Amino acid sequence: MKKSRPGAKGKRATTGLTPVSGPTPARGRLGVAASSPLGVPQAEIQDLIELLKRNNLAEIELERAGVRVRLRRDLAPLTTAAHGEALTAPQDVRPNEVPAENAPQDTSGMVTITSPIVGTFYRSPSPDADPYVEEGDLVKKGQVLCIVEAMKLMNEIESELDGKIVKILADSTKAVEFAQPLFLIDPNATA
Amino acid sequence: MKKSRPGAKGKRATTGLTPVSGPTPARGRLGVAASSPLGVPQAEIQDLIELLKRNNLAEIELERAGVRVRLRRDLAPLTTAAHGEALTAPQDVRPNEVPAENAPQDTSGMVTITSPIVGTFYRSPSPDADPYVEEGDLVKKGQVLCIVEAMKLMNEIESELDGKIVKILADSTKAVEFAQPLFLIDPNATA
Amino acid sequence: MFKKILIANRGEIALRIIRACRELGIRTVAIHSDIDATSLYVRAADERVCVGPADASLSYRNIPNVLSAAEVTGADAIHPGYGFLAENAHFAEVCESIGIKFIGPSSETISLLGDKSKAKELMIKKGIPTMPGSPGELKSEAEALEAAKKVGFPVIIKASAGGGGRGMRVVNKEDELVRAFQSAQAEAKSTFGHDGVYLEKFFIEPRHIEVQILADEKGRVVYLGERDCSIQRRYQKLIEETPSPAVDERLRREIGRVAVEAVRAAHYRNAGTVEFLVDKDHNFYFMEVNTRIQVKHPVTEMVTGIDLIKEQIRVAAGLPLAFRQQDIEIAGHSFECRINAEDPEKFTPCPGLVKKFQPPGGFGVRVDSAMEADTIVSPNYDSMIAKLITHARTREESLARMRRALDEFVIEGIKTTIPLHRRIFNDAEFQKGRVSTGFLERFLAVNPS
Amino acid sequence: MFKKILIANRGEIALRIIRACRELGIRTVAIHSDIDATSLYVRAADERVCVGPADASLSYRNIPNVLSAAEVTGADAIHPGYGFLAENAHFAEVCESIGIKFIGPSSETISLLGDKSKAKELMIKKGIPTMPGSPGELKSEAEALEAAKKVGFPVIIKASAGGGGRGMRVVNKEDELVRAFQSAQAEAKSTFGHDGVYLEKFFIEPRHIEVQILADEKGRVVYLGERDCSIQRRYQKLIEETPSPAVDERLRREIGRVAVEAVRAAHYRNAGTVEFLVDKDHNFYFMEVNTRIQVKHPVTEMVTGIDLIKEQIRVAAGLPLAFRQQDIEIAGHSFECRINAEDPEKFTPCPGLVKKFQPPGGFGVRVDSAMEADTIVSPNYDSMIAKLITHARTREESLARMRRALDEFVIEGIKTTIPLHRRIFNDAEFQKGRVSTGFLERFLAVNPS
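Residue numbers (this note's numbering), protein chains in the order written: chain D, 99 to 289; chain Z, 99 to 289; chain S, 812 to 1260; chain L, 812 to 1260.
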């Protein structure tokens, strides 16, 4: 199998890195991470949520007189909207999403490998072959993690760092879009 | 001069009373009366003002952790809007308005006599005659304070209470609309 | 031409009239109740006067205050819109007497056509086909029975002073007649203060078709095609369209000619609507004349290109009609959906705070509304908060466009009739244009949501 | 007919295409950069794919990612809108090669007409009047001088690969020619990577008139009237109208016939625009063909009633044109104002947070926009945030309607071109229709705000 076309190689080599500094919220949903929401009216939080959604922001933090509110969310990828109600607000539903209950875990200091291109995600080089990596595997920088097929070309996605595969975030044979998270890697894990 | 037409008399007898319990803000303008605006961002007050204006409310009060904000305004009467920018927000400009610098005074406990009808305000029974009342006059319940001419009929507006004319709020010979304040009366003043 | 017009109305029709005035270079005065002080239509006007409290009978219907507002602002004409004082002959008369032009027919015409049995008598005299029925008011039960037998059951008993379905009774058989006659009389008395009732043939599955007319002060009259208002619930229209799927070119010309004759008989001036019932065999019967601009006037504007509000103002100012009958062309197809602040299943009013208001846009979509986000729909007034109108080259395309526009319309905070409209526009029978005045009741029974 | 169309664009034109697809019952895929993820047009689509970061060259112009998005979503056609990949012959070619229908002309046609000197040669061969000038690219200063003398001064030097005013030089006198030729060559080289330039007669006060054409896959072609785009600043159009005040019925037919001939010569398919320069004596000269739908297509839709985007999709799917030339009627008059997020005096872009967005409504007013309140106008893309379009029976009425609609349009938080439009629509010369391509520069000089 051929690696990505030469013309686009430069861009593709830059695998998107998204350092996650705080707790990872459930993807595609709004997570309220307030140290103490007491004393702040619900309506005000709702306003902040609206602000967050409409302006396509990832995070808002507000601190005042001992009350601190922080709102975070991930942006909506590859989705299907229901007709009719589609325009009321951004829909943050992703069909091939990792179940929400798997999401809330301590991911501080971890690194997300995202897709640099639009295409189809494959965990193995061919249907019969074993996956490149499994959750729990230790990987080296430059090691192939998966393939994203685009325009009949198989683009190998390499790890940008040494670490442990904590979570595989996309389903094999499903479409992925630009910047969609594929793997969560812990650079500090040694076994 | 004839008093109001018989058919409408019932309604007109009910002179609009608007008890003012707090400080009177400048009419036709937004007045911020916060016990302590410190610690509340200007933008938040602006939001509250927007909320107040858009929802056509007269007052909003918000208290939180020692900070209390109260916003009040009178609704916009008989005005002229500038073309072009008219729709951006309610225009609270009144041509025949009492100058703003006269407004901020302690009016707690006072009563506003408003116009029960739309028409033209006259302070005297005829152009040559003396005004019915002047500022500082003591008046009795039932005493005629002014005339509002509507449909060629002279409608005498009577005082609903005993007290002192603290302020005359409309200009003679100018148009007044329904519920427009005409007189401010202090019921507790005795001289 | 007028220099300043006072609009004796509120909401979308007030804004509609203000827009027309602006395009004509005429200054506007909005009147408002105290709770409407900051409404969009009020802000859109050049001047504004508060005419009373929330209760419309003390503000928008308060004739002395409305006229005083016109006097103190120096308005030289009053546009009444629809509802409130629009068909009040007394109001029109007082306007005439104090030299303020009432934009509408004369008080005599309003008075004559407002009395349904008198109007019918006039039409019969002029040879215009009217609903088979009693020649005038029914004096007794015996007279009612005789009339009913003559036109044949089923029949409908209606109040002379009536409207909106009040005082009406459908009678299927002879032995039901006396009771229905008595209760209709009683309801007419209590609702309208006059117990006069008359009787008409009751048609199964008729269409409600009406013709827009326009007359100048010299008595020249044109018709501007028909509107099909068959989608109604308890006589409240929900959807209107033009052209009617049931009207062909021959019928259009014929019914138009008769409508012009009808209003000529009443010395009509300004815009008006002649309502007909059309049966399955294309027979049509005069019902009444509405002596005002109607809620549904936009569909006629869309297919003719003629701005009816501007024409009302022009002819009221004494200008002759700007076009002849042969200049009026019907191009394409238009639908109007009334968006009401109502529960779309129970039809109960649903006032409250509108949190988001995002009307649809693009080609062939028109929205007439004075609503905006962060405003309150008051329980004091009519629940209609917007009219959604589409226009396209064909009925099919106009229908698809309405479906698209309904999907795009976002109103948050209150319930509206939008979901019901979506369901109707997806109905196969409606799509084929096979509807009558009974459609909606049947549709709701068959398609519970 | 297509089952699913991917829209390779953003903003108002993406929403415009999504609306047309919805009315045709076709599913839609929106593509977006990461900063556009929650945009209105993205939410309006049935499916959405992020194709790259904010930089358009890495997202909206990223051919592999755009085509992958079409493949993974199973789209059977791509509508390119205008700008980005719309006139990219390579993109059209790759679409053709992988069996995804490119909604537009063939890659060969795009390629041929994209080269201005080749296009001109073709038109000269077909006997179509072109701008008097050099027969092709100028090889030397001597050739330039000879050509200039032949057509007579003033002349304009243009880059073969150019557009948007880059690489252009106006030369008034013979002794200015050599320097202008050299600097135009240098700018062409640095801007377009190709130093080919040609020369044309420069007209004083010409009008920019263009003709909308539509061709089906069988090669049937119709024209849909003209657009007058004379109100421009540095070749950026600001206001368009149809019909042109300078075009009478005879000229309309003649210029339409020539436009159809011109595109036939290039075996044209789908929608396109033939641009002409028209001088004071009604002589017209072919300038170029735009091989895409244009920003200003709505004015043509308003007067013809024909939905150009739907027709693009229909003919791309192989359906024949639904109408013949004689079925196309021009009814009324339409204006379009481009509302840009720009300082209306300095014309500098003004991106930022839009706090309030309240478009006008009512009869004869159309707004094409994907903007809404509480969204950010990004500095990464075109500054046009809305198109305001009016339609009425006469130019005068359409003009009054535009003035009214401009007054109603509320955009808070950023500066827009609305105040400039208001000033232009109040200008007496503009109101009379006495404008040329030099109008705006003169207007701005005479009317500093």
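Using N, Cα and C, we set each Cβ at its ideal position, and we do this for glycine too. No experiment lies behind these values; they were computed from the predicted model shown.
Own chain partners of residue i with C-beta closer than 8 Å, once the 5 adjacent residues on each side are dropped
i                       : result
residue 933 of chain L  : 923, 1076 and 1077
residue 901 of chain S  : 874 and 918
residue 1252 of chain L : 1044
residue 1133 of chain S : 1122 and 1125
Closest residue to residue i among the options (Cα-Cα distance)
i                       : options                          : result
residue 1140 of chain S : S:881, S:1064 and S:1001         : S:1064
residue 1041 of chain L : L:1021, L:1230 and L:820         : L:1021
residue 867 of chain L  : L:1151, L:894 and L:1069         : L:894
residue 280 of chain D  : D:268, D:288, D:287 and D:286    : D:268
residue 254 of chain Z  : Z:224, Z:208 and Z:233           : Z:224
residue 288 of chain Z  : Z:274, Z:270, Z:259 and Z:277    : Z:259
residue 1095 of chain L : L:1115, L:1079, L:1067 and L:936 : L:1067
residue 1105 of chain S : S:1151, S:829, S:1024 and S:1241 : S:1024
residue 969 of chain L  : L:961, L:946 and L:862           : L:946
residue 1152 of chain S : S:1188, S:1000 and S:1131        : S:1188
residue 870 of chain S  : S:848, S:985, S:854 and S:886    : S:848
residue 230 of chain D  : D:237, D:239 and D:243           : D:243
residue 960 of chain L  : L:988, L:1194 and L:940          : L:988
Strand pairing of residue i, partner residues [DSSP]
i                       : result
residue 284 of chain D  : D:262
residue 253 of chain D  : D:246
residue 931 of chain S  : For residue 931 of chain S, which the question treats as bridged, DSSP gives no partner whatsoever.
residue 1099 of chain S : S:1086
residue 969 of chain L  : L:1009
residue 1199 of chain L : L:1148 and L:1178
residue 882 of chain L  : Paired residues: none, contrary to the question.
residue 912 of chain L  : L:888
residue 1038 of chain S : S:1021
residue 1069 of chain L : The partner list for residue 1069 of chain L (beta bridge, DSSP) is empty, contrary to what the question assumes.
residue 861 of chain S  : S:843
residue 219 of chain D  : D:246
Within-8 Å CB hit, residue i to chain D
i                      : result
residue 845 of chain L : yes
Beta carbon proximity, residue i to chain L, threshold 8 Å
i                      : result
residue 276 of chain D : yes
residue 287 of chain D : no
Contact with chain A by residue i, beta-carbon distance below 8 Å
i                       : result
residue 1112 of chain S : Absent from the structure: chain A. Protein chains present are D, Z, S and L.
Contacting residues, own chain, Cβ-Cβ under 7 Å from residue i (five flanking each side not counted)
i                       : result
residue 1259 of chain S : none
residue 1201 of chain S : 1145, 1146, 1175, 1176, 1209, 1212, 1213 and 1216
Residue-level contact to chain S via CB, residue i, 8 Å cutoff
i                       : result
residue 1135 of chain L : no
residue 227 of chain Z  : no
residue 1007 of chain L : no
CB contact check: residue i to chain Z, cutoff 8 Å
i                      : result
residue 875 of chain S : yes
Beta-carbon proximity list for residue i, same chain, < 6 Å, skipping 5 on both sides
i                       : result
residue 1011 of chain L : 942, 944 and 967
residue 1267 of chain S : Given a span of 812 to 1260 for chain S in the structure shown, any question on residue 1267 of chain S remains unanswerable.
residue 1102 of chain L : 898, 916, 921, 924 and 1083
residue 1195 of chain S : 1149 and 1151
residue 1230 of chain S : 1155
Members of the stretch 877-906 of chain S near chain Z, C-beta cut-off 9 Å: 877, 878, 879, 880, 882, 883, 884 and 905
Positions along the stretch 1162-1180 of chain L whose CB lies within less than 8 Å of some CB in chain S: 1169, 1170, 1172, 1173, 1174, 1175, 1176, 1177, 1178, 1179 and 1180
Under 8 Å (Cβ pairs) to chain L, residues found in the stretch 235-267 of chain D: 248 and 249
According to a CB-to-CB cut-off of less than 8 Å, which residues of the stretch 1228-1244 of chain S neighbour chain L? none
Members of the stretch 214-225 of chain Z that neighbour chain S once the beta carbon cut-off is set at 7 Å: 215, 216, 217 and 218
Proximal residues, the stretch 855-873 of chain S versus chain Z, C-beta separation under 9 Å: 855, 856, 857, 858, 859, 860, 861, 862, 863, 864, 869, 870 and 873
Using a Cβ-Cβ cut-off of less than 9 Å, give me the residues of the stretch 1137-1161 of chain L that come near chain S, in sequence order. 1140, 1142 and 1143
With 9 Å as the limit, tell me which residues of the stretch 1033-1050 of chain L have their beta carbon closer than that to any beta carbon of chain S; keep them in chain order. none
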